[in-house]
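Chains as they are written, first to last, in the working numbering: chain A, 3 to 701; chain B, 16 to 839.
Spelled out as structure tokens, the structure:
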């Protein structure tokens, strides 16, 4: 594993957080005086990423409650509801308002809808007869930065809404959010994408650009010199990747502990570390774990914000394959130990040296705490990875990916049902089998469906039907019944062909360290199709062979890569769409998008505020940027990869890895939300993962 | 040659400060008597609205124009009549002007109308409650109004979109305030409107949170006026004392005894002149009170009316319209008698130059270091002058000075020239907008243009906007709607044909003009809407075809009952909210059957609308959804819908019925599953009955049911294993494992026990597992020694070595060594 340069040359996405904060403050200030904030629990997570309770309090929020069934006793006259425009929420709100008026309590109600107001809501309020009492306004929460190279709309339901309900609201919202990005940094010179809904999004985006340009001339956008392209990946194009078990550190945390809006719930004891550094530092060095996890699991939980910028250890670990996490933890522990020892050795040092060290001490302690936490987290994950069910499902996944003995794998899935494996694991494996093999034999499928229903309850029947129905259609019988629409039958996924043409499977026989020379390390041997498609656009060499290997070989041979610089990294090639892979891309059902955008051309002196922001942000580019400009005569450009319907942590890890293989191009991941197979299946089944326990809300 | 600017100047404060009285227009009796009317003036050189004061007796004389009883007339500051309204509704309580020059008229029933200068109005109401108690008084500011109800409550309306009025904090008054005023929200610290009521000797300040008594003792007050910047307040007491305080009543700024002037009669008005002087008017006298109590008297014939402006005050009398302001610093510097400032010298130099006097050169030389600043000042002074002749002279002087500078950015010079052209154009008598340079900058050019269009002065507006290189869109839009209104089709012609020709002509004219001047960016929808409103559907459709923005297009299409097209456009736009908007409207308006047919007939192009309808209906209107599925013959979906309903209903027979009724439509396998489901539910019900409802079975999955019943052989082993482990009944587990050969093997035992944290118990089962796996299993249990022994038994030396190297501590290592030594 090569050590990555620590500084990343990417745009400063924290502007987006600033914008979100400011507009929240603005929305709150529109209501005068002390107010009670009633919060949609699904917004608490996203909000906590842009603001903190103290900021809300500064702007008059007296008390906060979750938006939930039942009466609301607010101490203030002003009540502010902050929620997404969902009918369930509005019904609760209407109910609370009616209760208040029945008890003749006087309140003024403001409803802030995220991200925009909705006729639907007005209508429901009207039907409930409370429209006159409520002032409706909006809080436009768009992309939230969840890492310095990831922005997300944090809408976990997007996948279900688009592909199960057919509700395209999130596509529209995405286009709005992407347009905001364009307003900040300029037009994407090129939009590339794959998939029907990706096509729709691109269409909306270009239409919006021309419309906005029509409204007033000053908002005409220039072609960005920060971005080189936008790549839209429709989640439906690659269903295989999220169905697999993620094997990076962050991915596994997500699978096991469920990362929600960058937060996980961890036992309190992991966060409060005994302060004696030496003892525990040496203690945490060993990662051989006794099965102490059950004891930990019963403890009280507390939310922890997983953030690479605040937690250096996490930054180092998050994208590693879990197999190498232990080693890395060990290394970090040893380094920390050395640092402390340094300190001891300096006991006799001069006062000034001592002062230097004491200055560093805070950092060391923070690192120590982080180390302790991640050791604890690993301890929690290891037993899971050692469990029988986990390993069996991994084995089934690997066999399916190799198309090895599919009927046998289905039998193995049946065994898992018998062993009482989680519903989502079973369904994920079944869907995987169906996609890869182009359907499961009708008889077997009926049987296994029956077993699923018996084992987990008949209330999952709608789930099974949704999975089989177009446009999702990821759990199909083979051959298809004659009644099925032609759309379903023609959309068969060409997995076997892709496996070869996109080099999806890498032999995993070598030790892990060597495997990390291709993005496939994130799934221990399988390269995510989505990222391969991105590589088809932005790193064509990486699809054909391992870029890391090429580096050691003779880069001069490969004319396309350009000259090798003194850094040893090849220069990124310009974006020309899917050129060279048209056949492969066409073989996947769904529209292919390739649009070139032309900007205003003329720049008038008047610049919008947003523009000024972006100018400021450009100067935030890390000094490395200018460095590489000097080296290659070309500035580093950003390729934005937008996952419509959500992306997984492994895909981000793979993209980061790919980004380090060339110079002159970095990736910025944008997504509707973070998903994994489990959360996707569960949202289709209608099981909410959000669990707000206390009545009084906090972030 | 216009007279020298200083002739209109008057000195105050020992000659340090000058105020000037600029004659804007001479009116010569164009207005009705101000003394007999109620007047409302619009700021920034806006028009005046007059209504006859019915409390006064008036003498009828033919010389003066007169207003009939219930009429409101609007005059431009130059005395041109702009509009004559007759008011048929209940008694007018108050009228005033919005920021964009619309006249607000509020009546005692709480109904208010907003008239534009063409006489078109929109009407809103303050609500039925307000109507019942009645409105007794109101104050109108640029962006809203506050009304005092008959029950002495304050109602606030924000903006002019007809929003619901908010009730401000209750001032708990027992009688109406003697006088009251408000500070507009953009001038207060809280950014919410603040109302000041003079009650008894004190003043109450009220906003939407609280009413605070300021605990004053000088009241009651007869007049109250906040300064244009909202920072200070002028109060006039019963005894005629003028008192100026900060609006938070923390500091008193000035006191002045207005009776000392010896004016006759009651005070008519107290108004601010800019932010630092106050104008008090009586019937025969206008008095300007400076910040230090110095005064200036102005004499007018008859009563006057004063309008506060941001930079001065406009005084309208029967014969003239004047503007009184403090002389701006730049003018003062150039023209003040005896001024030796560089700008004055520059102006002097230019005059000398024109007189061919050599002094010009001398002058310029003497101010060379300050020349740039002097030029700037002279340019600014040009902006302050009303007379074009003087503007020109000053600009020429600036131009002259400029030529002595090597480096000078002439932008200001050019801009000032342009601006003055615009200002002079709108100040003409016919237009009558006496806007000052300061006000123009304060309001923005586009505001001025919208004021021109609202007077139907489209050509002037268009010229100005192209002169200032602004977008002509707004002007064009206004022009087009005016055109449509004016060109009402002549129905008298040969019926429909004549109509159509008219439509086409207008449409062509509008489109041509738009394309020539505005590019593609003008919104046709608004104009189409206007056409629709006046009943010209065909014209509206023609214009709407040119609209590219769906969000503008769709609502109008809906209104025009082009349902299909509206829905199609909404779906194409991708804006789901717009789709909902159309769907819900149509659902309300159309009979259910044709509503469904509309969606179904749309086929794949309207598919997303159909799905959105389902999303909405599932939550809010399941009945409608069932009808929809029924009408579309979607049996599977309707079965699923029933199933979902069944899931919601608990422990009753209804779900059973739902399921059995609905299983038929499902396709074969699914129907079978539904069948099974209903059988299961029935079985669970019997189970519950058998256990006399002590155990809940209903709605459980089969597995869970079995777990409770302890049935089924193969799963039973797993279930029992898990159950016994969870209850830590290890003896029971032992007995159970021996009761029969395990169908699931014993490895499962070991693994499950280890997983649950019972390695010690797990060890017992290792020996019963398959031999090759035992070593690993022992290790998993943490029994290194046993693992070692196993190695020995199997004679696996290599494995033993690896064990030794990986074992956790030295104690075990030693034991392993021992085992190793006994090997061979």
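Cβ atoms here follow ideal geometry from the backbone N, Cα and C, with glycine treated the same way.
| Item | Value |
| --- | --- |
| I need the DSSP call for residue 283(A), collapsed to helix, strand or coil. | Because the pLDDT at residue 283(A) is just 36, under 50, the model does not fix this residue reliably, and the value given afterwards should be weighed accordingly. Residue 283(A) falls in the helix class under three-state DSSP. |
| Could you check the C-alpha separation between residue 294(B) and residue 160(B) for me, to the nearest Å? | 24 angstroms |
| Please decide whether residue 179(B) counts as near chain A, where near means a Cβ-Cβ distance under 8 angstroms. | yes |
| Is the stretch 105–124 of chain B touching the stretch 37–46 of chain B, taking contact as three or more C-beta pairs under 8 angstroms? | no |
| Go to residue 362(B), then tell me how far its beta strand (DSSP E) extends in each direction, as first and last residue. | Counting along the chain, residue 362(B) falls outside any beta strand (DSSP E), though it belongs to the alpha helix (DSSP H) covering 357–369. |
| Spatial neighbours of residue 381(B) within its chain, please: CB distance less than 7 angstroms, with the 5 preceding and 5 following residues excluded, ordered by chain position. | 360 |
| Name the chain A residues whose beta carbon is nearer than 9 angstroms to that of residue 688(B)? | 448, 451, 452, 455, 460, 463 and 466 |
| Would you mind working out which of 476(B), 427(B) and 370(B) sits nearest residue 387(B), comparing C-alpha positions? | 427(B) |
| By Cβ distance below 6 angstroms, which residues in the same chain neighbour residue 193(B) in space, the five residues on each side in sequence not counted? | 213 and 235 |
| Could you compute how far the alpha carbon of residue 308(B) sits from the alpha carbon of residue 215(B)? | 26 angstroms |
| Check the C-beta distance from residue 5(B) over to residue 452(A) and give it rounded, since I have them as a contact under 8 angstroms. | Nothing can be reported for residue 5(B): it is not among the residues displayed for chain B, which extend from 16 to 839. |
| My assumption, with CB atoms under 8 angstroms, is that residue 329(A) sits in contact with residue 685(A). Please give the rounded CB distance. | Actually they do not touch by this definition, with Cβ atoms about 35 angstroms apart. |
| Could you tell me whether the stretch 733–740 of chain B touches the stretch 756–764 of chain B, where touching means 3 or more Cβ pairs closer than 8 angstroms? | yes |
| List the endpoints of the continuous beta strand (DSSP E) containing residue 312(B). | 310–313 |
| Report buried or exposed for residue 353(B), applying the criterion of at least 16 other Cβ atoms within 10 angstroms of its Cβ. | exposed |
| Just to make sure I have the definition right: I need the residues of chain A whose C-beta is within less than 8 angstroms of the C-beta of residue 775(B). Which are they? | Correct list: empty, because the minimum Cβ distance to chain A is about 12 angstroms. |
| Count the other C-beta atoms from every protein chain shown that fall within 10 angstroms of the C-beta of residue 176(A), then say buried if there are 16 or more, exposed otherwise. | buried |
| By Cβ distance, which residues of its chain are closer than 8 angstroms to residue 853(B), with the 5 residues on each side in sequence left out? | Because chain B here runs from 16 to 839, residue 853(B) falls outside it and cannot be looked at. |
| Which two residues bound the contiguous beta strand (DSSP E) that contains residue 110(A)? | 110–115 |
| Just checking, does the stretch 367–379 of chain B make contact with the stretch 315–328 of chain B on the three C-beta pairs under 8 angstroms criterion? | no |
| What do you reckon, are the CB atoms on residue 399(A) and residue 247(A) nearer than 8 angstroms? | yes |
| Going by the CB atoms, is the gap between residue 210(B) and residue 183(B) shorter than 8 angstroms? | yes |
| Three-state secondary structure (DSSP) at residue 464(B)? | helix |
| Mind checking residue 378(A): buried by the 16 CB within 10 Å criterion, or exposed? | buried |
| Just list the alpha helix (DSSP H) runs in the stretch 416–481 of chain B, keeping only unbroken ones of 4 residues or longer that don't cross its boundaries, in chain order. | 426–442, 452–458 and 460–469 |
| Which same chain residues, not among the five before or five after residue 759(B), have their C-beta less than 7 angstroms away from its C-beta? | 732 and 733 |
| Does the beta carbon of residue 687(A) come closer than 8 angstroms to any beta carbon on chain B? | no |
| May I have the straight-line CA-CA distance separating residue 541(A) from residue 387(A), to the nearest angstrom? | 33 angstroms |
| Report the option in 321(A), 468(A), 262(A) and 327(A) whose CA atom is closest to the CA atom of residue 305(A). | 262(A) |
| Just the chain B side, please: which residues come within less than 7 angstroms of residue 174(A) by C-beta, in chain order? | 589, 590 and 591 |
| Cα separation between residue 468(A) and residue 651(B)? | 11 angstroms |
| Which value, in whole angstroms, describes the spacing of the CA atoms of residue 556(A) and residue 571(A)? | Any reading at residue 556(A) must be qualified, since the residue scores a pLDDT of 37, below 50, and its modelled position is unreliable; no value is offered. |
| Cα separation between residue 625(A) and residue 574(A)? | Here residue 625(A) scores only 41 on pLDDT, less than 50, and its place in the model should not be relied on; the value that follows carries that caveat. In a straight line, the C-alpha of residue 625(A) is about 19 angstroms away from that of residue 574(A). |
| Name the chain A residues that come within less than 7 angstroms of residue 4(B), Cβ to Cβ? | Since the first residue shown for chain B is 16 and the last is 839, residue 4(B) is missing from the structure and cannot be characterised. |
| Cutting at 6 angstroms between CB atoms, please list the residues of its own chain near residue 278(B), excluding the five before and the five after it. | 297 and 300 |
| Going by beta-carbon coordinates alone, are residue 85(A) and residue 45(A) separated by less than 8 angstroms? | yes |
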